[in-house]
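Just so you know, this note's numbering puts 128 at position 63 of the sequence shown, and the rest follows in order with no gaps.
For each residue, glycine too, the CB sits at the ideal point set by N, CA and C.
On a predicted model such as this, the values are computed, not experimentally measured, just so you know.
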Amino acid sequence: ARGFSYWIYEGPKQQDVSFKRSKEDYFRKNGDLIKTCDIHLSYGDTEENAYVPIEIKNMVFPITFFGVCAVVAIIIQIVHNIFVRKDIESLMGRLSTLAYKSTR
């Protein structure tokens, strides 16, 4: 499929080959009796459209999602620190075993 896509893009530029021209050549040779196929292609992924800049409206959801996740992480960390200060076992986080190994 890669090679075919390449030649669809490069064919009209280098070899003057296109679907429209091939279709016209075919009907010129075989007559219009078999003219049942009508091809309409849209070249949506051209080089001009491939590098469209990202706008702010495209980034609203990712930035909002990141912000919400950061706020949730901060709240969880604060709750964990409160539990640790009150000597209550916290369900969030884990204690380091490095301190236990260094005292032996």
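Can you tell me the Cα-Cα spacing of residue i and residue j, whole angstroms?
i, j, result
"Val149", "Ile119", "44 Å"
"Lys88", "Gln79", "18 Å"
"Val137", "Ile153", "21 Å"
"Tyr74", "Asn95", "27 Å"
"Ser70", "Phe92", "24 Å"
Considering only residues of the same chain and omitting the five flanking positions on each side of residue i, which have a CB-CB separation below 8 Å?
i, result
"Thr129", "none"
Among the candidates the options, whose CA atom is the shortest distance from the CA of residue i?
i, options, result
"Ser83", "Arg93, Phe92 and Trp72", "Trp72"
"Val144", "Asp90, Val125 and Leu156", "Leu156"
Considering only residues of the same chain and omitting the five flanking positions on each side of residue i, which have a CB-CB separation below 7 Å?
i, result
"Gly76", "Val82 and Ser83"
"Asn123", "none"
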